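Undergrad: This is the structure I have questions about; it appears just below.
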Amino acid sequence: CSCGKLFCEGHVQSMSTTSQSVLAQPAWAADERAPGLAERLSEVTKHFPTALSVDDFISRVEVALAGYGFTGDNSIAMSNLCRDESCLILEDKIEAAFGSCFSTHGLGGVLTCGVIGVKAGLSHSPVVGGKERYVFFSFPHIAIDSDGKVGAVSRPNRPGASAACGALIACLGDLKKDGLEANVKAPGVHDPLEPEYSILKQRIARRLTYEGKKPQELSLVDITKAAERVISSDLEYLISKAVDPTKADYAVFTGVQIHNWAADLNNTDVPSLEFVGVGKSYVVVNGEKVHLDLSKVPALSPRQLQILAAASAADGKAATAAAAGKLVQEIPRDYLLKRLGGAQSRSHVDSSSSPAWGSYVKTDYKDPYAGAPQMDHPFVAATAPKEDPTVANTSFFWNKK
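This is the structure:
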């Protein structure tokens, strides 16, 4: 293409060798160690049509960004995920490509760091060729287990099914119970005991009101997609306040992180997978915004992906399934359990005996700050006492309710 950009729309079209007629779907090259990976992807794409296996996603991002001058050596990654430990799998993949992230994680993926928080991360960026470069990743998350159950996730050493995202499940329940109007608050108002959750719920309620959506008609998939739209908009607004495009280039990747783990992690015959439902993908270079279509970026071969995975936190020994344009790779079970802190020994579980160190541990302690104000205590400033003007006045009393 004459524009000189590697992945502009015109370039992709000019290289296409496909006709407009419907092509036969190629067969998947499945791995005998973990059959059914293609079917698992098919189930996930029923809910998130743009889903890519996490390793496939990261490799496409890395290849696409290289065409615009972004590498792990000259850029800083800014990751915004949910606080759930299950989200660390995606963060590991990001850091394998771009180095340690500056994280702005929040409950449900809500952004509460503000402009100063974003600027703090930007100030850590490498400066190469006189420019800073930032790569923003932002994803709320959801679980769809190996049986196809939406919201269900198995966790190490926790019996029964857990859920993800718990914050969005609670948010959907509250919005269905209380309605949107009761949850639309003025910006800056939040519950001091539930700051992130109340802000998350307020922002989603305001967005759903704007879109004319009714909570009673929404599923967990719907509320997760709504959260992605809200959080992506918030991120872009903060970027507009924090980034000077004349001095820095940046890229933005949003979407939904999807945990497609074994319904029971104790079942070693069922592989665990991780996907990303791709949302916005674009770069801003020299102030010019260019949208990227990651589906047009070629997937790596299984051999290439194994080599890439070997350099990340996982050990690279994972089953894969491949077809034209798609690649699915297992998240190795040993890595998954280790990363989530799954204990291999049960000697400490359900023990009724007192620990050996109990004899020298104090069971009572007098806190000298026991009367200090708590985060939800109202306060009223007392009349300033007459005292030395050089001494700071800290005379406040706190109402007890």
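Each residue of the sequence shown is one higher than the one before, counting from 1 in UniProt numbering. C-beta: ideal position from N, C-alpha, C; glycine also. Computed from a predicted model, the values in this text were never measured in an experiment.
By the 10 Å Cβ neighbour count, where 16 or more other Cβ atoms means buried, how is tyrosine 210 classified, buried or exposed?
TA: exposed
Undergrad: Rounding to the nearest angstrom, what Cα-Cα distance links alanine 205 and valine 276 in this structure?
TA: The straight-line gap from Cα to Cα measures roughly 25 Å.
Undergrad: Given this structure, state the Cα-to-Cα distance separating asparagine 80 from phenylalanine 136, to the nearest angstrom.
TA: Looking at the two C-alpha atoms, the distance is approximately 8 Å.
Undergrad: May I ask you to list the residues that DSSP assigns as paired with valine 118?
TA: In the DSSP output, where bridge partners are listed per residue, valine 118 has none listed.
Undergrad: Just how far apart, CA to CA, sit leucine 175 and serine 162?
TA: 21 Å
Undergrad: Just tell me which of Gly67, Lys119, Ile258, Arg133 has its CA closest to the CA of alanine 164.
TA: Ile258
Undergrad: Going straight from the alpha carbon of valine 127 to that of lysine 247, what length do you get?
TA: Approximately 10 Å, taken between the alpha carbons.
Undergrad: Name the two residues that bound the continuous beta strand (DSSP E) containing isoleucine 331.
TA: Careful: isoleucine 331 lies outside any beta strand (DSSP E) and carries neither H nor E.
Undergrad: Go ahead and pull the three-state DSSP assignment for proline 159.
TA: strand
Undergrad: If distances are taken between C-alpha atoms only, which option among Asn266, Glu274, Asn267, Val297 comes closest to serine 281?
TA: Val297
Undergrad: Locate the alpha helix (DSSP H) running through serine 59, then write down its first and last residues.
TA: 54-66
Undergrad: Would you be able to state if there are at least three C-beta pairs under 8 Å between the stretch 107-116 and the stretch 191-199?
TA: yes
Undergrad: How far does the alpha helix (DSSP H) with glutamine 202 in it reach, from first residue to last?
TA: 195-211
Undergrad: Between the Cα of glycine 108 and the Cα atoms of Asp269, Glu288, Ile223, Asp55, which residue gives the shortest distance?
TA: Ile223
Undergrad: Anyone know if the C-beta pair for alanine 64 and leucine 292 falls short of 8 Å?
TA: yes
Undergrad: Identify which residue in Lys326, Val290, Met78 has its Cα closest to the Cα of histidine 105.
TA: Met78
Undergrad: Thinking C-alpha only, which one of Val243, Val285, Phe48, Val44 is nearest aspartate 147?
TA: Val44
Undergrad: Quick check on this structure: which residue in Ile307, Val243, Leu300, Gly121 has the alpha carbon closest to the alpha carbon of valine 285?
TA: Val243
Undergrad: Using the Cα positions of valine 256 and arginine 83, report the straight-line distance between them to the nearest angstrom.
TA: One C-alpha to the other measures close to 14 Å.
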